Amino acid sequence: MSEYYRDFGSWIRTKFPYRVQKISVDAGFTCPNRDGKISTGGCLYCDNRTFNPSYCNRRKSITQQLEEGKKFFSRKYPEMKYLAYFQAYTNTYDTLDHLKAKYEEALGGKDIVGIVIATRPDCVNTELLDYFKELSHHTFLIVEYGIETTNDETLKRINRGHDFACTIKALQETHERGIITGGHVILGLPGEDRQESLRQASVISSLPLDILKIHQLQIIRGTRLAKEYAEHPFHVYSVDEYIDLIVDYIQLLRKNLILERFVSQSPKEMLIAPNWGLKNDEFTNLLNNVLKEKRKSSK
3 MSEYYRDFGS WIRTKFPYRV QKISVDAGFT CPNRDGKIST GGCLYCDNRT FNPSYCNRRK
63 SITQQLEEGK KFFSRKYPEM KYLAYFQAYT NTYDTLDHLK AKYEEALGGK DIVGIVIATR
123 PDCVNTELLD YFKELSHHTF LIVEYGIETT NDETLKRINR GHDFACTIKA LQETHERGII
183 TGGHVILGLP GEDRQESLRQ ASVISSLPLD ILKIHQLQII RGTRLAKEYA EHPFHVYSVD
243 EYIDLIVDYI QLLRKNLILE RFVSQSPKEM LIAPNWGLKN DEFTNLLNNV LKEKRKSSK
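Under this note's numbering, the residues of the sequence shown are numbered 3 to 301, in order.
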């Protein structure tokens, strides 16, 4: 629990009378900027293997992935309940019938008490959002959008395949249906410095979001960004620079916005930079200590 911002852990505990844990699922989707519909190659920085745990494997059924995930977590908390987290690639990029079958397979699992669906703003439509509205009346549901940046030039630069207006429209239409709406941004994208990130904070804060994830840019082996970094190295944040940025960034966000996380942690063997050697909770502890000292010094 944090006294400096509204943290996800405290908020999610108000939603359930028991402890819950997300289990990632790879349901075999792709993305429209990978399969040629919009583009090929995906986003400049992206390799989905960086956040897929070992039990998350598209060659296995959704049910099998969830069962293996439960075994992974239940050693620590035997009474845990779970949220099926459709995380890898674009998890609304299919026909509605196929999507329903995948979601409902997940929700049919023992001790699965909700679902989190990660997607792109350009991969939802009225029919799907109406289905999500109905689904949210029967189970816990979060729809989580990759926003990445509010800057249209950066969106082009990273091969995102849509503009910021598309993001605004998707968030508004999701929020209007009473669906818990999440978003994800990346700080330090090519061409975006500290000043640009802080400029965007108030824009992000004005969006109809319930939950926000913030990540640092990571340069992952084998991506097009890694090739660019090797040919023309550019600045990536040190941990101290990033903490200073986050401290100022979150001061510009509205106080009722739930902050789920501040960093992403890719496998060491895949990561080129920045190599901070910190786990997510270690970074959060550092951040909270800085916020504590900042509050003391302002008194």
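The beta carbon of each residue, even a glycine, is placed where N, CA and C say it ideally should be.
No experiment lies behind these values; they were computed from the predicted model shown.
Figure out for me which residue from the options has the closest Cα to the Cα of residue i.
| i | options | result |
| --- | --- | --- |
| F2 | Y147, E5, N291, Y91 | Since the first residue of the chain shown is 3 and the last is 301, residue 2 is not available in this structure. |
| I188 | L214, P210, G163 | L214 |
| P235 | S138, P192, S299, L280 | P192 |
| E81 | V22, T32, E230, L130 | V22 |
| P19 | K281, Y84, T94 | Y84 |
| C45 | S299, G190, R159, D9 | R159 |
| N290 | N277, A275, L131, D246 | D246 |
| T92 | S76, R162, H217, G111 | R162 |
| E271 | I222, L293, L288 | I222 |
| T97 | Y79, C125, T16 | C125 |
| A90 | V118, I216, D113, T169 | V118 |
| K229 | V265, I274, Q197, G190 | I274 |
| D283 | K294, Q267, E295 | Q267 |
| K171 | Q197, L131, S26, R8 | L131 |
| S26 | I252, R77, G38, E70 | E70 |
For residue i, count neighbouring Cβ atoms within 10 angstroms of its own Cβ and tell me buried if that reaches 16, exposed if not.
| i | result |
| --- | --- |
| K72 | buried |
| D154 | exposed |
| L261 | buried |
| R263 | buried |
| H164 | buried |
| P269 | exposed |
| Q67 | buried |
| S300 | exposed |
For residue i and residue j, what's the separation of their Cα atoms in angstroms?
| i | j | result |
| --- | --- | --- |
| A29 | F285 | 30 Å |
| A86 | I14 | 15 Å |
| T225 | G116 | 33 Å |
| L157 | I40 | 13 Å |
| R297 | T121 | 37 Å |
| H100 | L109 | 14 Å |
| L227 | G279 | 21 Å |
| S199 | C48 | 20 Å |
| D250 | K17 | 29 Å |
| K112 | N35 | 35 Å |
| D195 | H140 | 43 Å |
| F10 | S138 | 19 Å |
| F75 | D242 | 32 Å |
| Y7 | Y244 | 17 Å |
| A232 | G190 | 17 Å |
| I248 | K294 | 14 Å |
| I252 | R77 | 35 Å |
| G38 | K62 | 25 Å |
| Q197 | H237 | 14 Å |
Cβ atoms of residue j and residue i: under 9 Å apart, would you say?
| i | j | result |
| --- | --- | --- |
| I64 | E107 | yes |
| R179 | K135 | yes |
| L219 | Y239 | yes |
| F88 | K102 | no |
| Y95 | T32 | yes |
| I216 | V292 | no |
| I114 | L143 | no |
Residues in its own chain within less than 6 Å of residue i by CB, not counting five upstream and five downstream?
| i | result |
| --- | --- |
| G349 | The structure shown has nothing for residue 349, since the chain only spans 3 to 301. |
| S207 | L255, R256 |
| R60 | D28, G30 |
| T152 | F166, Q202, V205 |
| C168 | P123, D124 |
Can you find the residues in the same chain that come closer than 7 Å, C-beta to C-beta, to residue i, ignoring five residues on each side of it along the sequence?
| i | result |
| --- | --- |
| T183 | V145, L173, T176, H177, P210, L211, D212 |
| N277 | none |
| K24 | L85, Y87, V118 |
| Y79 | R21 |
Comparing the C-beta of residue i with each C-beta of chain C, is any distance below 9 Å?
| i | result |
| --- | --- |
| F264 | Here chain C cannot be found, since the structure has a single protein chain. |
Is residue i close to the ligand ATP? I mean its beta-carbon at under 8 Å from any heavy atom of the ligand.
| i | result |
| --- | --- |
| I114 | This structure lacks the ligand ATP, and indeed carries no ligand of any kind. |
Sorted by chain position, which residues of the same chain lie with C-beta nearer than 8 Å to residue i's C-beta, five sequence neighbours on each side aside?
| i | result |
| --- | --- |
| L288 | V241, I245, L280 |
| T128 | E175 |
| T42 | N35, R36 |
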